[in-house]
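> Okay, handing you the structure first.
2 protein chains.
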Amino acid sequence: MYEGAVQDLIDELGALPGIGPKSAQRIAFHLLSADKEDVLRLAHALQVVKEKVRFCDICGNIAEGEICHICQDPRRDQTIICVVEEAKDVEVIERTGSYRGLYHVLGGAIDPIRGIGPDQLRIRQLMTRLSNNEVKEIIIATDPNIEGEATATYLSRMLDTLSVPASRLALGLPVGGDLEYADEVTLGRAFEGRRIIEN
Amino acid sequence: MYEGAVQDLIDELGALPGIGPKSAQRIAFHLLSADKEDVLRLAHALQVVKEKVRFCDICGNIAEGEICHICQDPRRDQTIICVVEEAKDVEVIERTGSYRGLYHVLGGAIDPIRGIGPDQLRIRQLMTRLSNNEVKEIIIATDPNIEGEATATYLSRMLDTLSVPASRLALGLPVGGDLEYADEVTLGRAFEGRRIIEN
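If you read the protein sequences in the order shown, they are chains P and Y. In terms of numbering that gives the first Met the number 0, the first sequence opens at residue 0 and continues consecutively. In terms of numbering that gives the first Met the number 0, the second sequence opens at residue 0 and continues consecutively.
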């Protein structure tokens, strides 16, 4: 154990996801030798984030107010909602520049092993949004894994009862990838989802 | 890019050693959903460390004052100094419980590729300590790699001129390890350093 303040910092850093005791120690020692200014800037960024940032009342995305900048933007297509698991997925999709609709962040995926069922996700809020709005399409963009697929299946059934058309992101080969290195499941999905070439 | 405060935090986290952009984002999102209290405790730990912690004037170890707790402790053997590269090495050795002398932290190892020569290390301070004190032995505990060995060789020559006996930590098989998995160099050193079994 180190002297008080250093050990406190190591403990706090070690509680962050993906940072083990060794990394926590390495970061703490880096911070000890770093400029005081740099370290205080990090401390300040932490405080500001907890003071200013919250989750959008409408879509659950991160926001620096009650409503996020996407929900506030009148230029976004209000008739289409893309459903994602986490707020960080919104950013990933935004970066593609190929989607101009709204979002809905579920806050996770259905995962019975971890005790996460539909009630733990923001599915009820999605249904409320749909009953109030003139939404023409829901794009389900949950992760392409077991939990994400289960969530997509559950959602598509719920949406069916409301007669809202739902789509799912295409599964297939990653662009820039190599056929040789594609796993069997992905390649199988790429065959299933093949598209006629239109000339 | 995220909205202001979140992106600021991601940038600050990403500047830490061993944390790439993806990890920084993951940690930032974890902190967004974490209890405000926990996050502020981390921010506070960062501030306290920069306010209170400094390096010991004598040995270069971390200290919450001018002199570290080891240099202050009169029960420590004042006639023996263990030379290490980094302050964190002090903690590693302390944990073994098998050393009761003092330390001297060099602040690194000789590494010409990175432009670190003897002048960039706290070697001059070590020599000053030796001229003032009645030190009977120096244990060189630099890392068992190229830079550490170079530093040990350099130090042992310097100490030779002062007629202070210097020793180097034993190299050999790690306890609890398996002979089969030892690398050739380590096994070679273990042969060189073999000890007669005394009955």
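Quick reminder that beta carbons are idealized off the backbone N, C-alpha and C, glycines included.
When the Cα of I137(Y) is compared with those of A151(Y), R194(Y), I145(Y) and N144(Y), which residue comes out closest?
Of the candidates A151(Y), R194(Y), I145(Y) and N144(Y), the one whose C-alpha sits nearest the C-alpha of I137(Y) is A151(Y).
> Which residues, in order along the stretch 9 to 26 of chain Y, keep a beta-carbon less than 7 Å from a beta-carbon of chain P?
Listed by position, the residues of the stretch 9 to 26 of chain Y near chain P (Cβ gap below 7 Å) are E11, L15, P16, G17, S22, Q24, R25 and I26.
> Answer with buried or exposed for A169(Y), where buried requires no fewer than 16 other C-beta atoms within 10 angstroms of its C-beta.
Label assigned to A169(Y): exposed.
> Three or more beta-carbon pairs under 8 Å between the stretch 55 to 63 of chain P and the stretch 82 to 90 of chain P, yes or no?
Short answer: they touch.
> For the candidate residues L186(P), A165(P) and V163(P), whose alpha-carbon lies nearest to that of P173(P)?
The shortest C-alpha separation from P173(P) is found at L186(P).
> By a C-beta neighbour count over all protein chains shown, 10 Å radius and 16 as the cutoff for buried, is F190(P) buried or exposed?
That one is exposed.
> With a CB to CB cut of under 6 Å and the five nearest residues on each side skipped, what residues in its chain are close to L158(Y)?
Closer than 6 Å at the Cβ level, and outside the excluded window around L158(Y), lie I137 and A165.
> Between R188(P) and the rest of its own chain, which residues show a CB-CB distance below 7 Å, the 5 nearest in sequence each way excluded?
If we look at R188(P) and ignore the five residues flanking it on each side, its Cβ neighbours are L170 and G171.
> Between the stretch 25 to 43 of chain Y and the stretch 41 to 49 of chain P, are three or more C-beta pairs nearer than 8 Å?
Judged by Cβ distances under 8 Å, the stretch 25 to 43 of chain Y makes contact with the stretch 41 to 49 of chain P, as three or more pairs qualify.
> With a cut-off of 8 Å on the beta carbons, I'd call V163(Y) and L129(Y) a contact; round off their distance for me.
Contact flag correct, Cβ pair sits at about 6 Å.
> Here's a check: name, in chain order, each residue in its chain whose Cβ is nearer than 8 Å to the Cβ of R199(Y), leaving out the five neighbours to either side.
This structure cannot settle anything about residue 199(Y), because the visible part of chain Y is limited to 0 through 198.
> I need the straight-line Cα distance from G192(P) to E148(P), nearest angstrom please.
Going by the C-alpha atoms only, they are around 16 Å apart.
> What whole-angstrom Cβ distance do A27(Y) and L8(Y) have, given they're in contact under 8 Å?
With 8 Å as the limit, A27(Y) and L8(Y) qualify as a contact, their Cβ atoms being about 5 Å apart.
> Considering only residues of the same chain and omitting the five flanking positions on each side of L161(P), which have a CB-CB separation below 8 Å?
Here the set comprises M126, L129 and S130.
> Using beta-carbon positions only, say whether V134(P) and I69(P) come within less than 8 Å of one another.
It is not a contact, given that the beta carbons lie outside the stated cut-off.
> When you compare each of G100(P), E50(P) and R194(P) to Q71(P) by their alpha carbons, which one comes out closest?
Nearest of G100(P), E50(P) and R194(P) to Q71(P), Cα basis: G100(P).
> For the beta strand (DSSP E) that contains R167(Y), what are its first and last residues?
From DSSP, the beta strand (DSSP E) with R167(Y) extends over A165 to R167.
> Are the C-beta atoms of A108(P) and some chain Y residue less than 8 Å apart?
Chain Y contact via Cβ: absent.
> Do we get a CB-CB distance below 8 Å when we pair I61(Y) with the residues of chain P?
So, interface residue.
> Going by DSSP, which residues form a beta bridge with F28(P)?
BP columns for F28(P) are empty, so no partner.
> Pull up the DSSP beta-bridge partners for I145(Y), would you.
DSSP, once it has assigned bridges, lists no residue as partnering I145(Y).
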